[in-house]
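K.L.:
This note's numbering runs 2 ahead of the 1-based position in the sequence shown.
Where a beta carbon is used, it is the ideal one built from N, C-alpha and C, also for glycine.
Starting off with a structure, shown below.
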Amino acid sequence: MTKKNDDQQIPAVPFVLRPYVAACLTALMLLLLCYPGRAAEALLKPEDAFRFEAVVKGDTIQASWTAADDYYLYRDRISFASGTPGVELGEPIFPVGKLKPGLKPDGSEGEVETYTHTIIIAVPITASVPGPFKLIAHGQGCAEKLGLCYPPQTREKLLTLAPAGQATESALVWNTMRSLLLALLSGIGLAATPCVLPMLPITTIIAGQSGNMTRARGAMLAAFYVLGTAFVWSGVGVLAGLTGQQLQAYTLHPYFLLPSAGVLVLLSLAMFGVYDLQMPALLQSKAQVKASGLRGGTFGGVFMMGMLSSVIAGACVSPILILNLGAALDSRDPVLGGAIMFLMALGMGAPMILLGIGAGWLLPKAGSWMNTVKHAFGVVMVGLAMTIVTSIPWMPVLYLWAPFLIIVGGDMLVRQSATARTGWKYLWKAGGTLLILWGVFALIGAVQGNREILRPVQLNIGSINVGADSLNNPVAEEPLFERVHDINEMTAKFAQARKAGKSVFLDYYAPWCTDCKIMEKNVFADSEVRAVLGASFVVIQADLADQFDKRTQPMKDKFGVFGPPAMLFFDEDGNLVKKVYGLLSEGEFIELARIAADR
Numbered sequence: 003m004t005k006k007n008d009d010q011q012i013p014a015v016p017f018v019l020r021p022y023v024a025a026c027l028t029a030l031m032l033l034l035l036c037y038p039g040r041a042a043e044a045l046l047k048p049e050d051a052f053r054f055e056a057v058v059k060g061d062t063i064q065a066s067w068t069a070a071d072d073y074y075l076y077r078d079r080i081s082f083a084s085g086t087p088g089v090e091l092g093e094p095i096f097p098v099g100k101l102k103p104g105l106k107p108d109g110s111e112g113e114v115e116t117y118t119h120t121i122i123i124a125v126p127i128t129a130s131v132p133g134p135f136k137l138i139a140h141g142q143g144c145a146e147k148l149g150l151c152y153p154p155q156t157r158e159k160l161l162t163l164a165p166a167g168q169a170t171e172s173a174l175v176w177n178t179m180r181s182l183l184l185a186l187l188s189g190i191g192l193a194a195t196p197c198v199l200p201m202l203p204i205t206t207i208i209a210g211q212s213g214n215m216t217r218a219r220g221a222m223l224a225a226f227y228v229l230g231t232a233f234v235w236s237g238v239g240v241l242a243g244l245t246g247q248q249l250q251a252y253t254l255h256p257y258f259l260l261p262s263a264g265v266l267v268l269l270s271l272a273m274f275g276v277y278d279l280q281m282p283a284l285l286q287s288k289a290q291v292k293a294s295g296l297r298g299g300t301f302g303g304v305f306m307m308g309m310l311s312s313v314i315a316g317a318c319v320s321p322i323l324i325l326n327l328g329a330a331l332d333s334r335d336p337v338l339g340g341a342i343m344f345l346m347a348l349g350m351g352a353p354m355i356l357l358g359i360g361a362g363w364l365l366p367k368a369g370s371w372m373n374t375v376k377h378a379f380g381v382v383m384v385g386l387a388m389t390i391v392t393s394i395p396w397m398p399v400l401y402l403w404a405p406f407l408i409i410v411g412g413d414m415l416v417r418q419s420a421t422a423r424t425g426w427k428y429l430w431k432a433g434g435t436l437l438i439l440w441g442v443f444a445l446i447g448a449v450q451g452n453r454e455i456l457r458p459v460q461l462n463i464g465s466i467n468v469g470a471d472s473l474n475n476p477v478a479e480e481p482l483f484e485r486v487h488d489i490n491e492m493t494a495k496f497a498q499a500r501k502a503g504k505s506v507f508l509d510y511y512a513p514w515c516t517d518c519k520i521m522e523k524n525v526f527a528d529s530e531v532r533a534v535l536g537a538s539f540v541v542i543q544a545d546l547a548d549q550f551d552k553r554t555q556p557m558k559d560k561f562g563v564f565g566p567p568a569m570l571f572f573d574e575d576g577n578l579v580k581k582v583y584g585l586l587s588e589g590e591f592i593e594l595a596r597i598a599a600d601r
């Protein structure tokens, strides 16, 4: 019997297949060795995927969650708690997030709000005793590309709540001083506006109703004028600090604009010599300074004129005025609010102070030329009155401008040129002729339905329109804005924008707002502006036509807007990128829009 060999040989791999077998074995080894490492690199550690920071500022915790690229956090999984007895947290204030399909907190499927990149959440804090405390933050998020979600995360931070006034005292003092200084400087800037300057000759008449005016008395009268102005504006600031309501917005309503314009017209009649502007004899005699023996220039008179000038100035739309009133509103402090507006009024009264100090040689002396100066200021006042009512949509402004320009032009052409010196006659005649022609064109423009006095006439040459487009008439194009009338409509539009992944442009508009009309005509009608907005934005317009409508205030409070014109740019996540008051050029607007769209 033949013995069987137990040492059996494994068949050799054919030579031709050896390279393929080696390649497969090498690939398998690489996969086994490298895959765990690659998976670990692909899925970040929780502390790297979602970073948490927090700082205490005053009585608020500013908590920030930062999601890495391609990661996101669920809004409804973010919460905060105090780990220290005696320290309580208020309701967190979340930014607007982005909607994604997912599971709601109740387990049902739907759209959930998420955050990407960095978000800052304000958490109010109250403590019985200041000192260190533990903040506990909860959150949960997912890796979007991998389709994996992390378990709920918990972060703890040891923070310190400083005693009231200790940590923030220096910053508070600096911010207060800065606000007051800016208010004073901005008031000086407002002094050069058309709403303030025409009141100076009126005040000069009351202040200098005698030829015996000393510099000391002039300075005192000027001080009383400025105090009258400051009295009104500081009162507005105190009310703003107490109530948080934008009182100045109501001065833009027709109920306020019409009386203001009427007062200007009445004052202009004094410039034309229709009546003598002075205090009643009884009040005048009581207000005289007996030691000086002067007959005119009552302190009560200039104080009242200061109050009146502040009311007139309130009818003018000014970004500077809005910013100062906004600072008073934000302070929520009646004392600081009143101080801000008081210093602004002092700045506005700077020209009158200078006029009063130099009253002995600056006030007009007797002479026929004084009547010409008075008439000129009267014309300016009537023009300012019509400019104020231009912002009222139903006011036929060109029908008012046309006779005014023709009458003034006729007076210059006939009466003023007849009494002027030889060298001035031709100037008066030329100016009068131009004003008459301007008045005729204004009348033609009124018939055409136009409203813009600087370009009253629209000429149709072929298919080209030359001249004015009515600020009150909409541009003959597809509507650009989706108009909202209350906070619910506004919130719905923002939700639509998040769902579509678009940025948001929000315009606060009112038909009585002159700057709004100018933006509507000169910027929003521009083809490039419309193209930029149409490509990347949901374009919303908040209707603030009626300041007394209860629906308007919540729309302003939502983003801290004080009144039109205000333009707000938001990125795709609903974060505010820029808030702008006043007028913008086409180029400035397009640049801001592109910055917001690229965020």
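1. With distances taken between CB atoms, is the gap from Phe-52 to Trp-67 smaller than 8 angstroms?
2. For Glu-90 and Arg-77, I'd like the C-alpha separation in whole angstroms.
3. Taking DSSP as the reference, what is the three-state secondary structure of Ser-130?
4. Where does Thr-162 land, buried or exposed, given buried means 16+ other C-beta within 10 angstroms?
5. Taking all protein chains shown into account, decide if Ser-529 is buried (16 or more other Cβ within 10 angstroms of its Cβ) or exposed.
6. Does the CB of Glu-55 have a neighbour CB from chain D at under 8 angstroms?
7. Can you name, in chain order, every residue of its own chain whose Cβ lies under 6 angstroms from the Cβ of Cys-515, other than the five neighbours on each side?
8. I need the straight-line Cα distance from Val-468 to Arg-457, nearest angstrom please.
9. According to DSSP, simplified to helix, strand and coil, what is Arg-553?
10. Measuring alpha carbon to alpha carbon, tell me which residue in Pro-103, Leu-268 and Gly-308 is nearest Val-382.
11. Using the Cβ count rule (16 or more neighbours within 10 Å means buried), how would you classify Gly-220?
12. Since Ala-69 contacts Tyr-117 with CB under 8 angstroms, what's their CB separation in whole angstroms?
13. Among Lys-581, Arg-500 and Arg-596, whose alpha-carbon lies nearest the alpha-carbon of Val-114?
14. Could you give the DSSP three-state label for Gln-155: helix, strand or coil?
15. Grab me the residues of His-377's own chain with a C-beta within less than 7 angstroms of its C-beta, minus the 5 sequence neighbours each way, in chain order.
16. Classify Phe-274 as helix, strand or coil using the three-state DSSP reduction.
17. If you draw a straight line from the C-alpha of Pro-261 to the C-alpha of Met-307, how long is it?
18. Measure the C-alpha to C-alpha separation of Glu-593 and Val-531 and round it to an integer number of angstroms.
19. Cβ atoms of Ile-342 and Leu-182: under 8 angstroms apart, would you say?
20. List, from N- to C-terminal side, the alpha helix (DSSP H) runs of 4 residues or more that fit wholly inside the region 520 to 574.
21. For the candidate residues Asp-72, Pro-556 and Gly-340, whose alpha-carbon lies nearest to that of Gly-239?
22. Relative to the C-alpha of Thr-389, which candidate in Pro-126, Leu-266, Leu-585 and Val-337 has its C-alpha closest?
23. What distance in whole Å lies between the Cβ atoms of Val-234 and Met-309, which are believed to be in contact at a cut-off of 8 angstroms?
P.N.:
A quick look at the data gives this:
1. Here residue 52 corresponds to residue number 50 of the sequence shown, with the count starting at 1. Here residue 67 corresponds to residue number 65 of the sequence shown, with the count starting at 1. Closer than 8 angstroms, so yes.
2. Residue 90 sits at position 88 when you count from the first residue of the sequence shown. Residue 77 sits at position 75 when you count from the first residue of the sequence shown. When rounded, the distance between both Cα atoms is 21 angstroms.
3. Position 128 of the sequence shown, counting from 1, holds the residue named residue 130. Ser-130: coil per DSSP, three-state reduction.
4. Counting from one through the sequence shown, the residue named residue 162 turns up at place 160. Answer is exposed; the Cβ neighbour count stays below 16.
5. Counted from its first residue, the sequence shown places residue 529 at position 527. Exposed.
6. The question asks about chain D, but that chain is absent: this structure has only one protein chain.
7. In the sequence shown, counting from the first residue as 1, residue 515 sits at position 513. By the criterion of a C-beta distance shorter than 6 angstroms, Cys-515 is surrounded in its chain by Pro-566 and Pro-567, once the five residues flanking it on both sides are discounted.
8. Along the sequence shown, one-based indexing puts residue 468 at 466. Along the sequence shown, one-based indexing puts residue 457 at 455. Residue placement at Val-468 is poorly supported in this model, since its pLDDT is 46, which falls under 50; the coordinates still yield a value, given next. Taking the straight line joining both Cα atoms gives about 10 angstroms.
9. Position 551 of the sequence shown, counted from the first residue, corresponds to residue 553. When DSSP states are grouped into helix, strand and coil, Arg-553 belongs to the coil group.
10. As a first step, residue 382 must be located in the sequence shown, where it is residue number 380. In terms of CA proximity to Val-382, Leu-268 leads the group Pro-103, Leu-268 and Gly-308.
11. Against the sequence shown, residue 220 aligns to sequence position 218. Buried: at least 16 other Cβ atoms inside 10 Å.
12. Translated into positions along the sequence shown, residue 69 becomes position 67. Translated into positions along the sequence shown, residue 117 becomes position 115. Sure, about 7 angstroms apart at Cβ, within 8 angstroms.
13. Numbered from 1 along the sequence shown, position 112 holds the residue referred to as residue 114. Nearest Cα to Val-114 within the set Lys-581, Arg-500 and Arg-596: Arg-500.
14. Taking the sequence shown and counting its residues from 1, the one referred to as residue 155 is at position 153. Note: Gln-155 maps to strand in three-state DSSP.
15. Translated into the one-based positions of the sequence shown, residue 377 becomes position 375. In the same chain as His-377, and ignoring 5 residues on each side of it, the C-beta atoms closer than 7 angstroms to its own belong to Met-273 and Phe-274, in chain order.
16. Mapped onto the sequence shown, residue 274 falls at position 272. Coil, per DSSP.
17. Working through the sequence shown from its first residue, we reach residue 261 at position 259. Working through the sequence shown from its first residue, we reach residue 307 at position 305. Distance between the alpha carbons of Pro-261 and Met-307: 16 angstroms.
18. Translated into positions along the sequence shown, residue 593 becomes position 591. Translated into positions along the sequence shown, residue 531 becomes position 529. Between Glu-593 and Val-531, the C-alpha separation is close to 10 angstroms.
19. As a first step, residue 182 must be located in the sequence shown, where it is residue number 180. As a first step, residue 342 must be located in the sequence shown, where it is residue number 340. Yes, the pair counts as a contact, with Cβ atoms nearer than the cut-off.
20. Within the region 520 to 574, the complete alpha helix (DSSP H) runs of at least 4 residues are 529 to 538 and 554 to 560.
21. Numbered from 1 along the sequence shown, position 237 holds the residue referred to as residue 239. The shortest Cα separation from Gly-239 among Asp-72, Pro-556 and Gly-340 belongs to Gly-340.
22. Here residue 389 corresponds to residue number 387 of the sequence shown, with the count starting at 1. Restricting attention to Pro-126, Leu-266, Leu-585 and Val-337, the CA atom closest to the CA of Thr-389 is found in Leu-266.
23. Numbered from its first residue, the sequence shown carries residue 309 at position 307. Numbered from its first residue, the sequence shown carries residue 234 at position 232. Yes, they are in contact, since the Cβ atoms of Met-309 and Val-234 sit about 5 angstroms apart, within 8 angstroms.
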